Each structure stands twice: as structure tokens, then as C-alpha cells.
Amino acid sequence: DAGVTQSPTHLIKTRGQQVTLRCSPKSGHDTVSWYQQALGQGPQFIFQYYEEEERQRGNFPDRFSGHQFPNYSSELNVNALLLGDSALYLCASSLAGGDHEQYFGPGTRLTVT
Amino acid sequence: DAKTTQPNSMESNEEEPVHLPCNHSTISGTDYIHWYRQLPSQGPEYVIHGLTSNVNNRMASLAIAEDRKSSTLILHRATLRDAAVYYCILRAHSGGYQKVTFGTGTKLQVIP
Chain A
1 DAGVTQSPTH LIKTRGQQVT LRCSPKSGHD TVSWYQQALG QGPQFIFQYY EEEERQRGNF
61 PDRFSGHQFP NYSSELNVNA LLLGDSALYL CASSLAGGDH EQYFGPGTRL TVT
Chain B
114 DAKTTQPNSM ESNEEEPVHL PCNHSTISGT DYIHWYRQLP SQGPEYVIHG LTSNVNNRMA
174 SLAIAEDRKS STLILHRATL RDAAVYYCIL RAHSGGYQKV TFGTGTKLQV IP
């Protein structure tokens, strides 16, 4: 059983560009959450998707948007990239409910130049 | 969102027990206490979680204070593989959907 997979592994973009990151959840999971992790910091919650809708959102601007597909996979889109968007972007999947553990993918390392 | 407070770093000798503390004084009645760890260049890995009672699994034990304002992750015999950043987080159960707030975690160093 494949765990959570993310693509691409690494990405380099220029300021002002747009980027799309992809995530496939662990088999059987219906909820996907996205996190941003700056170097030396803990992951910061961006948003969570369940039943193809954004259910919870952290303190991130509208430049960050997402989507969940009927097969539960998800995309994270970031528009008008800033240098400060350089980070590791983590996807985590779980079953809905606070008593279920999250499984994290290896992350996508985004560098904005 | 309820926050957690952890020491920035801790050291342990190999094969000795490790007690990693976490304070969460603003925890609400429906918040689950989760622990994750992150090895260098990897995504976080689930360790254990609980609500009110102490919990054990193959990786660790979780001791939860009676007032739930603090908890302790216990690694019974630290190995070099346990060197990681450990995060204590609260998963609020709000209508089935949860925000999650990570702190800066505790960096555990295991000394051979």
C-alpha cells in the first residue's frame, strides 16, 4: 500500500509565477491537509479538504488555493509567488475526525528566486 | 486555536528512557493530543495520540495529566533512530473537520 505521495519533489520558480503541487492520499483516506514548513520551523496549516470542499483554513492569503478531486487526490496552487513562499510543502491525509492520525508525504521543496 | 509549548531541545543517552513534556493549558474538552516526529529531510511521522487516558503503542507511551493541561511522550528505550524533532499538537474536533497547529517542537538528541 503506497502511502501519501507528492509531486514534484523539488521545484524552482521565479517571483510572480504560479505553481501547482499535487498530492495523492493514502488508500482509504478521504481528508487531505496542506502545510507549509519554512526552514527550522514547524509545519504551518494552510487548509484542509474533505468531500471536495475546503473545510478549514489557516492564516494564509487567497493566493493559496486548492482543490480536491473525486478520487480524494488534491492540488495546492500558489499564485503571484513571493520569495517568502520558499518552503517545504507537506500534504497529509487522514480519515475525517480528530481521533484519526495523519499520514504525511515527503513534501515538495519549492524555491522562489 | 489552542497552542502547545515544548522545550526547544533535549538530550538522552542511548537505551535510556526519554520523557518529552508538552503544555497545552488552553486545551478544550474535545481536543485530541497528538504526537508526531520528523526526521531530517522527511515529512512528519505519527507517533501516538490520546484524549483523556494514558495510551501505549509499539512506538511510545503517552501520559496525559488529569486536568489535560499537559502531557508527556515517553520513549522507553531511546535509540539513535529516535533522534528527531518531536511535535505535540492538538487536533480540534470541530464538526468533523480539524485545524492543526504545530509549534516549534522539541529536538531530541540521542547520545551513543
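Residue numbers (our numbering), protein chains in the order written: chain A, 1 to 113; chain B, 114 to 225. We put the beta carbon where it would ideally sit given N, CA and C, even for glycine. Please read all numbers here as calculations on a predicted model, not as lab measurements.
Where do the N-terminal and C-terminal ends of the beta strand (DSSP E) with residue i fall, by residue?
{"i": "A/Asn77", "result": "74-78"}
{"i": "A/Ser94", "result": "87-94"}
{"i": "A/Thr111", "result": "108-112"}
{"i": "B/Asn126", "result": "122-126"}
For residue i, does the count of other Cβ atoms within 10 angstroms reach 16, so buried, or fall short, so exposed?
{"i": "B/Leu193", "result": "exposed"}
{"i": "A/Leu39", "result": "exposed"}
{"i": "B/Leu152", "result": "exposed"}
{"i": "A/Asp85", "result": "buried"}
{"i": "A/Ala2", "result": "exposed"}
{"i": "A/Lys26", "result": "buried"}
{"i": "B/Ile224", "result": "exposed"}
{"i": "B/Thr117", "result": "buried"}
{"i": "A/Leu83", "result": "exposed"}
{"i": "B/Ala178", "result": "exposed"}
{"i": "A/Gln17", "result": "exposed"}
{"i": "A/Arg63", "result": "exposed"}
{"i": "A/Ile12", "result": "exposed"}
{"i": "B/Asp195", "result": "buried"}
{"i": "B/Ser138", "result": "exposed"}
{"i": "A/Ala80", "result": "exposed"}
{"i": "A/Arg15", "result": "exposed"}
{"i": "B/Asp144", "result": "buried"}
{"i": "B/Arg171", "result": "exposed"}
{"i": "A/Thr111", "result": "exposed"}
{"i": "B/Phe215", "result": "buried"}
{"i": "A/Thr116", "result": "The question about residue 116 of chain A has no answer here: the residues shown for chain A are numbered 1 through 113."}
So what does residue i bridge to, in DSSP terms?
{"i": "A/His100", "result": "None, per the DSSP bridge assignment."}
{"i": "B/Thr117", "result": "None, per the DSSP bridge assignment."}
{"i": "B/Pro134", "result": "B/Thr185"}
{"i": "B/Leu221", "result": "B/Met123, B/Ala197"}
Would you say the beta carbon of residue i is closer than 7 Å to some non-hydrogen atom of the ligand ADP?
{"i": "A/Ile12", "result": "This structure simply doesn't include the ligand ADP, nor any ligand for that matter."}
Rounded C-beta distance between residue i and residue j? I'm assuming under 8 Å.
{"i": "B/Ala191", "j": "B/Ser125", "result": "5 Å"}
{"i": "B/Pro157", "j": "A/Phe104", "result": "5 Å"}
{"i": "A/Arg22", "j": "A/Gln6", "result": "7 Å"}
{"i": "B/Ser141", "j": "B/Ala197", "result": "Actually they do not touch by this definition, with Cβ atoms about 28 Å apart."}
{"i": "B/Trp308", "j": "B/His162", "result": "Beyond the ends of chain B as shown, which are 114 and 225, falls residue 308 of chain B; an answer cannot be given."}
Counting only C-beta atoms, is residue i closer than 8 Å to chain D at any point?
{"i": "A/Phe45", "result": "Protein chains in the displayed structure are A and B, and chain D is not among them."}
| said: Just to confirm the assignment: which complete alpha helix (DSSP H) runs, minimum length 4, are found wholly within the region 136-218 of chain B? | reply: The alpha helix (DSSP H) runs lying completely inside the region 136-218 of chain B and spanning 4 residues or more number zero.
| field | Segments of 4+ residues assigned as alpha helix (DSSP H) that fall wholly inside the region 3-68 of chain A | value | none
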